[in-house]
Each structure stands twice: as C-alpha cells, then as structure tokens.
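With UniProt numbering, you'll find the sequence shown wraps up at 406, consecutive numbering, no jumps.
Reviewing the structure listed below.
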Amino acid sequence: VPSCYSAVSPFKRGATETCELADIDWDDLGFTYVPTDYMYSMKCTKGGNFSKGELQRFGNIELSPSAGVLNYGQGLFEGLKAYRKEDGNLLLFRPEENAMRMIMGAERMCMPSPTVEQFVDAVKATVLANKRWVPPPGKGSLYIRPLLMGSGAVLGLAPSPEYTFLIYVSPVGNYFKEGVAPIHLIVEYELHRATPGGTGGVKTIGNYAAVLKAQSAAKARGFSDVLYLDCVQKKYLEEVSSCNIFVVKGNTISTPAIKGTILPGITRKSIIDVARSQGFQVEERLVTVDELLDADEVFCTGTAVVVSPVGSITYKGKRVSYGEEGFGAVSEQLYSVLTKLQMGLIEDKMNWTVEL
Ligand code: COI
C-alpha cells in the first residue's frame, strides 16, 4: 500500500488529498499499460441487478476457463479520461455518456449493465483511489477503462449466468507514436470492421480483435492505422480502427452518420457540438472515399486519440497528403477548444465536465 494511503481509507472522497504523485517519468507517457493501485469490481447474476461493488487492490482476476467472455466474446468496454487541474482537482469528461453507451451495448450483447449512477459513482471512486496516477496538468491524463463481461461458466452458446463490471485505470499521454504530429492512414477495402445488423455500433471487444489483422499489416508498411469502408458499396467511409473520422472542405465539416456500423464516439459527438458553436457547418451523412481526394483537412477523434490530424491517406495505391507539418487550421481550433474544456482551462458552458 502506498504510504500516503496508510492514514485514511482510500475509498473515501478526499482521502487521497495529501498523496504525492506516483514516481514515474511524467514526460514519457505514451498509450501503454501502467499498473496502478486500485480497481473496481461489481458482479451480477443473470436476471439480477448489479450490487455490492467495491474497490480492490489492482491485480489479476480469476475467471473460469468456461467464462462467456473467453469462449463467446460476451464483453464490452468503455474508455474515458480524468485530467488534473492546476488547483489539484480532477475533471472527468461526460462520464454519463459512457454509462449510457454501455447500457446500449449491453442490450445488444444480452448482458445486464450497471445503471448510469452506479457506473459514474464507480468511475469516481476508482479515479479518487488512484489519484496519484493522474498526470500533472499538461502531461497527459488518467485513462479509465470500464469493462463488462460474461464471467459465468457456459459451454453451449448462451448468455453467461454471471456478469462482472470492472474498472481499471492507467496514466496515458498521446495515443499514436507520432504524438500530435499528423498520422498516415491506409484505406482498407477488402477486410471489414462491421456489417449492417452486426455489432459495429457498440463497443464490444470483438470489433477490436477483428481489426488487428488489417492494422498489423498497415503498421508493417509504415502506416499509423487503417480507415474502413462500408462493406456493401465499399465506397463510404466508416471509421478508423480506434477512432472516428472527419473531413473538412471550406467551412463544412462532414463525418459518417451513425447507422449501426460506426461507433457513436463521445469525442465525435462533442466535436460536432464544438464545431457548430465555432460557426462551422457540420454534416453527418454518407461520406464517399472520393471526397478525401478533394478535402482541405482530415482529422480523427476518439477518447484515446483526442483530435488527431491526418497527414495523408493512401487508397488503392494513390496517396493524398493534407500537410505534414502538424494540425490544419480547423482541427487545431477544435482540438484547442475541446482540450481546454477537458482540462478546465475555459468555461464549461456545455456542462460536460464533472469535478472530483
Ligand atoms: C478509446 O478511444 O477510448 C477507445 O476505446 C479506443 C481504443 C482502441 C483505445
């Protein structure tokens, strides 16, 4: 137990106020797993409700080899971040949106899910118990990873008899190794991430396993990530393996509409509102791959990637560049407003942040 926890229970609000920061190099954070102090766990039987959640020392969990999540992929995850403000208080960004997305995903995956209140309270408790792992202002954030999984044993294909909701956290910096420099994408037109009527619109674990093959091949060729097309017409943009995509042309910003095959990103939704508040016209619609050829700027959004400028896109051997230097003017403006809001540096008129 870290010495700062010895006097008071870490589970109570304010108990970690006197904690030092964890002893790591805060200037060297990437998006890699760093074990922290506590995780949160709550269980539920099939047909029941989640209850008796608790913080536990961070560590490995025990699962039956027959657990639904291991055998049939009955699992969902979420991602959100906490930032440390200059005054030492912590800010969460729209945690109830993650809670609601988990409820929607759970319905699709035949799982019970924690209520919005249970989810948000559990996130707050986990962050406070791990306060010393929240990076200093300007150095990064604490990435919060809630999981929901079928933890009960099954053999025949069926919903699991027991479910576990778990939250762990890890301090993070930039997602892509490029940092805030532009990323380079390749359009994938043979492998697909999602199909109509499938699970592409929920944050189920299998969606992410399904993109590893194309992602690995792209990385081996020097690309940062893969941009997927719709699997029917093979001409409309869907999303990147780990984030949503936006195309800028003049004062208009277009992004693929949510239609069941695209993850309804919380950063995506927030950027749409921020862009409109900044006077841009935002269109959620079918966006063709050909529109990339003609775009002024392209950028990606996600909790992990925040707003990432795209430097180039390669499609069927043809490479289109949008500037190798850094952010384009539009993505820079949106990144700046969003991150200042998330870090508590400008007034939160939208009421998106939750202070701890
Ligand atoms: C996130 O942005 O939070 C995600 O869940 C994407 C993941 C691939 C890191």
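We put the beta carbon where it would ideally sit given N, CA and C, even for glycine.
Treat the numbers as computed from the prediction; the structure is a model and nothing was measured.
Residue i beta carbon near the ligand COI (any heavy atom closer than 7 Å)
| i | result |
| --- | --- |
| Tyr-258 | yes |
| Gly-206 | no |
| Ala-244 | no |
| Thr-353 | yes |
| Gly-129 | yes |
| Ser-292 | yes |
Residue burial classification, residue i (beta-carbon count within 10 angstroms, cutoff 16)
| i | result |
| --- | --- |
| Ala-345 | buried |
| Met-161 | buried |
| Asn-401 | exposed |
| Glu-397 | exposed |
| Gln-328 | exposed |
| Glu-212 | buried |
| Lys-366 | exposed |
| Lys-326 | Position check: residue 326 holds Arg in this sequence, whereas Lys was assumed. With fewer than 16 other Cβ atoms within 10 Å, it is exposed. |
| Tyr-83 | exposed |
| Val-282 | exposed |
| Ile-194 | buried |
| Gln-106 | exposed |
| Ser-292 | buried |
| Ala-156 | buried |
Under 8 Å between C-beta atoms of residue i and residue j
| i | j | result |
| --- | --- | --- |
| Leu-192 | Ala-132 | yes |
| Met-154 | Val-252 | yes |
| Ala-268 | Val-276 | yes |
| Ala-172 | Gly-125 | no |
| Val-380 | Phe-226 | no |
| Val-237 | Ile-363 | yes |
| Leu-79 | Gly-223 | yes |
| Leu-343 | Tyr-286 | no |
| Glu-289 | Ile-255 | no |
| Pro-185 | Ile-217 | no |
| Ala-264 | Leu-279 | no |
| Thr-245 | Asn-257 | no |
Cβ shell of residue i (< 7 Å), same chain only, five flanking positions each side left out
| i | result |
| --- | --- |
| Val-360 | Pro-232, Ile-233, Leu-235, Val-348, Phe-349, Cys-350 and Tyr-372 |
| Met-150 | Val-166 |
| Arg-63 | Confidence at Arg-63 is low in this model, with a pLDDT of 46, below 50, so its placement is unreliable and the value that follows should be read with caution. Only Leu-178 meet the Cβ criterion. |
| residue 30 | What is shown of the chain runs 51 to 406, which leaves residue 30 out entirely. |
Proximal residues to residue i (C-beta, below 8 Å), its chain only, five neighbours per side dropped
| i | result |
| --- | --- |
| Val-332 | Thr-302, Ile-303, Ser-304, Thr-305, Ile-322, Ala-325 and Arg-326 |
| Phe-100 | Met-92, Lys-93, Cys-94, Pro-162, Ser-163, Pro-164, Thr-165, Gln-168, Tyr-213 and Phe-215 |
| Asp-77 | Lys-189 |
| Lys-96 | Pro-162, Gly-202, Pro-209, Ser-210, Pro-211, Glu-212 and Tyr-213 |
| Pro-85 | Phe-108 and Ser-220 |
| Pro-60 | Confidence is the limiting factor: at Pro-60 the pLDDT is only 49, short of 50, which leaves the residue's position unreliable and the question unanswerable from this model. |
Own chain partners of residue i with C-beta closer than 6 Å, once the 5 adjacent residues on each side are dropped
| i | result |
| --- | --- |
| Thr-317 | Thr-351, Gly-352 and Thr-353 |
| Ser-210 | Gly-118, Gln-124, Gly-200, Gly-202 and Val-204 |
| Gly-394 | Lys-135 and Leu-141 |
| Glu-147 | Ile-316 |
| Gly-310 | Gly-251 |
Minimum Cβ-Cβ distance from residue i to chain D less than 8 Å
| i | result |
| --- | --- |
| Met-159 | In the structure shown, chain D does not exist; there is a single protein chain. |
Distance cut-off 7 Å: residue i Cβ against heavy atoms of the ligand PLP
| i | result |
| --- | --- |
| Tyr-365 | Summarising the ligand content, the structure contains the ligand COI and does not contain the ligand PLP. |
(request) Could you tell me which uninterrupted beta strand (DSSP E) segments, each at least 3 residues in length, are contained entirely in the stretch 143-215, listed from first to last along the chain? (result) 191-200
(request) Let me know the beta strand (DSSP E) ranges lying completely inside the stretch 330-388, each 3 residues or longer, listed in chain order. (result) Fully enclosed beta strand (DSSP E) runs of 3 or longer: 331-335, 347-352, 356-365 and 368-371.
(request) Kindly provide the ranges of any alpha helix (DSSP H) runs that are 4 or more residues long and lie completely inside the stretch 252-320, ordered along the chain. (result) 255-259 and 262-270
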